[in-house]
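First up is the structure itself, then whatever we jot down about it.
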Amino acid sequence: MHSMQKHGLKADPVTYSQLIKCCIARRAIEQGKLIHKHVYSNGHDPKMFINNVLLNMYVKFNLLDEARILFDNMSERNVVSWTTMVSGYCNCKLYGEALKYLVLMQREGVLPNMYTFSSVLRACDGLETLRQLHCSIIKCGLDSDIFVRSALIDIYSKWGELGNGFRVFCEMVTGDLVVWNSIIGGFAQNGNCDEALDLFKRMKRAGFPANQATLTSVLRACTGLVLLEFGRQVHAHVIKFERDLIINNAILDMYCKCGSLEDAEFAFKRMSERDVISWSTMITGLAQNGRSIEALDMFESMKASGPTPNYITMVGVLFACSHAGLVDDGWCHFQSMKRLYGIDPGREHYGCIVDLLGRAGKLDEAIQFIQEMEDEPDPVIWRTLLGACRVHKNADLATYVAKQILEIEPHDEGTYVLLSNIYANSQRWEDVAGVRKNMSGRGIKKEPGCSWIELNKQVHAFVLGDESHPQIKTIYREMNHLIKRITEVGYTPDMNFVLHDLEGEQKEDSLRCHSEKLAIVLGLISLPKEKPIRIMKNLRICGDCHAFAKLATKTEIRYIVIRDPVRYHHFKDGICSCGDYW
DNA sequence: TTAGGGTTAG
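Heads up: the first sequence begins at 1 in full-length UniProt numbering, then just goes up one per residue.
Listed below in structure tokens is the structure:
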């Protein structure tokens with residue numbers, strides 16, 4: 001390039017295009033601009049092809065203003081020029097602009113092609129636009145293009161229309177790995193993890209070798225189902241190949257969410273590159289597993305040698321503080337967020353602070369904080385405070401808070417259940433009856449509690465008083481033996497928690513039918529002593545089951561991990577990682 | 001001879 005300039009030579013378009021490609025690959029912005037000048041140096045209008053190449057260069061450098069000036073000055077534009085602009089705006093998430101260019105190009109009589117559609121679909125601002133684009137795609141006969149197909153599947157799943165996405169997938173005649181990845185990712189992201197794993201099996205049967213994107217989605221599905229053993233297998237499979245940062249982060253998250261922090265820490269230490277997601281995953285993972293102090297230590301290391309913390313990192317940090325009762329630290333981090341990192345606190349941060357104050361019993365301060373918040377309090381914030389009212393047995397405040405929630409969400413079953421439990425704990429039986437009447441009057445039913453355990457790649461699920469498991473007789477026999485043993489070390493059934501089951505019979509022995517107890521006993525009789533017993537729950541663990549699990553680890557010398565919808569309880573030697581504070 | 005799709009943390 002330099003010697004050409006010295007001799008005043010002009011290159012042919014192919015040479016220019018190759019030089020520009022080099023600049024893009026090396027991210028050499030200044031050199032690229034120099035070539036641009038050189039192309040225009042003799043005053044003639046260059047060919048459209050070379051303008052398109054230059055346009056693409058600016059787009060790849062995210063220099064949309066420069067691209068736009070060039071585009072506006074071009075004497076001639078074709079579908080490639082327009083599509084380059086559309087994709088540039090999409091890459092910079094300027095979706096409104098992308099859609100505008102799609103309209104403008106059609107107005108100028110340029111027909112969008114498969115390249116244009118596969119790009120612009122990401123810019124959909126709602127289902128209406130999506131349907132219109134899908135119609136245009138079909139009209140133009142472009143719906144069989146695999147790029148368009150995967151983009152369609154992806155955007156349907158992002159807008160919660162997985163059924164339509166799946167229909168697009170099923171119409172596919174020739175296979176394509178990315179289209180498979182789109183549909184597997186779609187199911188995994190929408191929480192249909194079983195289907196995601198089924199499709200993954202189908203994909204393998206169809207002869208497609210999984211790549212990193214596939215396995216990242218598969219890991220996400222394992223995480224969603226808390227399938228530690230399956231996740232471990234995926235990890236073992238991934239180790240054999242080159243791993244990228246994204247899949248490594250997914251591995252970290254899988255181990256954290258499956259409650260195996262040792263594996264997560266091991267994987268984290270071995271990563272050659274860590275980004276803000278890796279650090280945030282570990283901070284949140286440690287905090288959710290009851291290891292808040294280590295989470296905060298991790299945050300300190302991140303500040304010392306890692307990337308700059310972001311919004312999500314701070315959610316993890318504040319979560320750690322609230323779950324460990326570290327009121328001062330929490331306040332300190334909350335107040336310094338904006339000053340140190342320019343992060344404006346959002347709903348999640350406010351929620352953590354309400355939790356922080358509420359758990360610590362500072363209910364008045366929590367209420368005051370809510371009233372002084374910039375945002376209008378949402379049901380999540382109020383529910384957090386309601387949880388604190390339960391822990392600190394403040395039935396009056398609970399009544400007020402529940403009213404706030406039910407004004408916004410009159411059918412929120414969790415609020416009714418929590419309120420009823422709070423009344424029950426305060427022996428206010430008339431109020432309990434009132435809540436129950438209110439619930440049945442509105443046709444609200446409590447979601448049944450469900451616990452499950454993964455044994456030998458099989459999931460065993462239980463609901464309250466479940467009799468359907470093939471080993472149920474053995475389970476109850478062992479349960480009776482176990483209760484005898486833990487009673488000797490201080491277990492007394494806590495009858496307050498019988499009332500958690502609003503719909504069922506209040507039988508004296510209904511406590512021993514709680515689904516997590518059944519799952520624990522199955523784990524005890526099925527797994528070798530050295531293996532941790534890992535239980536998953538859809539609802540929060542009740543106080544009686546919590547005491548039961550603690551004592552069982554003492555008498556049976558076992559390690560039990562229970563995951564509820566919010567956090568993990570690691571039981572060992574008769575104590576729980578949550579410090580009985582949840 | 002230029003333009004396009006799928007994957008990670010709350």
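C-beta atoms are modelled at their ideal positions from N, C-alpha and C, and glycine is treated no differently.
For CYS450, list the residues DSSP reports as bridge partners. In DSSP, CYS450 forms a bridge with VAL463.
4-residue-minimum alpha helix (DSSP H) runs that sit fully inside the stretch 265–297, ordered along the chain: Contiguous alpha helix (DSSP H) elements confined to the stretch 265–297 occur at 276–288, taking only those with 4 or more residues.
When you compare only the Cα positions, how much space is there between THR83 and LEU104? Approximately 11 Å between the Cα atoms of the pair.
What is the C-beta distance between GLN189 and SER157, in whole angstroms, given that I count them as a contact (C-beta under 8 Å)? With 8 Å as the limit, GLN189 and SER157 qualify as a contact, their Cβ atoms being about 6 Å apart.
Which same chain residues, not among the five before or five after ASP65, have their C-beta less than 6 Å away from its C-beta? If you ignore the 5 residues before and after ASP65, its C-beta comes within less than 6 Å of no other C-beta in its own chain.
Beta-carbon separation of LEU527 and ILE475 under 8 Å? No, the pair does not count as a contact, with Cβ atoms beyond the cut-off.
What are the boundary residues of the alpha helix (DSSP H) that MET57 is part of? From DSSP, the alpha helix (DSSP H) with MET57 extends over 48–60.
Three-way DSSP call (helix, strand, coil) for residue 585 in this model: Residue 585 lies beyond the range of the chain shown here (1 to 582); nothing can be said about it.
Where HIS411 falls: helix, strand or coil (DSSP): HIS411: coil per DSSP, three-state reduction.
Burial state of GLN506, where buried means 16 or more other Cβ atoms lie within 10 Å: Note that GLN506 scores 48 on pLDDT, short of 50, meaning its location in the model is unreliable and no value can be drawn from it.
Whether or not the stretch 565–576 and the stretch 301–313 are in contact is what I'm after, with contact meaning three or more pairs of Cβ atoms, one per stretch, closer than 8 Å; do they touch? Verdict: no, contact absent.
Under 8 Å by Cβ, that's how I've got ILE472 and ILE535 pegged, so tell me the actual separation to the nearest angstrom. 17 Å between Cβ atoms; not a contact.
So within the stretch 121–158, which uninterrupted alpha helix (DSSP H) runs reach at least 4 residues, ignoring any that extend past its ends? Here the runs fully enclosed are 127–139 and 146–158.
Name the residue from LEU511, ALA123 and LYS403 whose alpha carbon lies nearest to the alpha carbon of MET495. Selection LEU511, ALA123 and LYS403 evaluated against MET495 yields LEU511 as nearest (Cα-Cα).
Which value, in whole angstroms, describes the spacing of the CA atoms of MET271 and ILE239? MET271 and ILE239: Cα-Cα distance of roughly 12 Å.
Using CA coordinates, which residue listed in SER136, ALA295 and ASN425 is at the minimum distance from LEU121? Taking only the C-alpha atoms, the option nearest LEU121 is SER136.
Using DSSP with H/G/I as helix, E/B as strand and the rest coil, what is VAL566? VAL566: coil per DSSP, three-state reduction.
Quick check on ILE541: does DSSP put it in helix, strand or coil? Coil.
Cα separation between THR399 and LEU245? The alpha-carbon atoms of THR399 and LEU245 are separated by roughly 48 Å.
Thinking C-beta only, is LEU385 closer than 8 Å to ASP360? What sits at residue 360 in the sequence shown is Ala, not Asp. No.
Between which two residues does the alpha helix (DSSP H) harbouring GLN368 extend? Where GLN368 is concerned, the enclosing alpha helix (DSSP H) stretches over 363–372.
Taking 8 Å as the threshold (C-beta atoms), are TYR491 and ALA547 in contact? Closer than 8 Å, so yes.
Mapping the DSSP letters down to three states, classify LYS507 as helix, strand or coil. With a pLDDT of only 45 at LYS507, under 50, the local geometry of the prediction cannot be trusted, and no value is derived from it.
Find out if the Cβ-Cβ distance for the pair GLY543, CYS513 is shorter than 8 Å. Inclusion of GLY543 and CYS513 in the CB contact set at 8 Å is not warranted, their separation being larger than that value.
Going by C-alpha to C-alpha distance, which of LYS457, HIS481 and CYS578 sits closest to GLN233? Of LYS457, HIS481 and CYS578, the smallest CA-CA separation from GLN233 is found for LYS457.
Between which two residues does the alpha helix (DSSP H) harbouring TRP180 extend? According to the DSSP assignment, TRP180 belongs to the alpha helix (DSSP H) that extends over 177–189.
Classify LEU455 as helix, strand or coil using the three-state DSSP reduction. Three-state DSSP puts LEU455 in a strand.
Given that a residue counts as buried once 16 or more other Cβ atoms are within 10 Å of its Cβ, and exposed if not, what is ASP355? Under this definition ASP355 is a buried residue.
Hey, would you say ALA98 sits closer than 8 Å to ALA123, going by beta carbons? The answer is yes: Cβ separation under 8 Å.
Does the distance from the C-beta atom of SER278 to that of LEU228 stay below 8 Å? The answer is no: Cβ separation not under 8 Å.
How would you call residue 620, buried or exposed, if buried means at least 16 neighbouring beta carbons within 10 angstroms? With the chain represented from 1 up to 582, any question about residue 620 goes unanswered, as that position is not in the structure.
Going by beta carbon distance, what residues of the same chain come within less than 6 Å of HIS392, once the five residues before and after it are set aside? Excluding residues within five positions, the ones whose Cβ falls inside 6 Å are GLY361.
Alpha carbon of ILE20 to alpha carbon of VAL53, nearest angstrom: One alpha carbon belongs to ILE20, the other to VAL53, and they sit about 7 Å apart.
Can you grab the Cα-Cα spacing for the pair TRP570 / SER577, in whole Å? The displayed chain sequence assigns His, not Trp, to residue 570. If I take the Cα positions, the gap works out to 5 Å.
Tell whether a beta-carbon distance below 8 Å holds between GLU516 and ILE486. Judged by their CB atoms, GLU516 and ILE486 are not nearer to each other than the 8 Å cut-off.
With ASN91 as the anchor, note down where its alpha helix (DSSP H) starts and where it stops. Run containing ASN91: 79–91, per the alpha helix (DSSP H) assignment.
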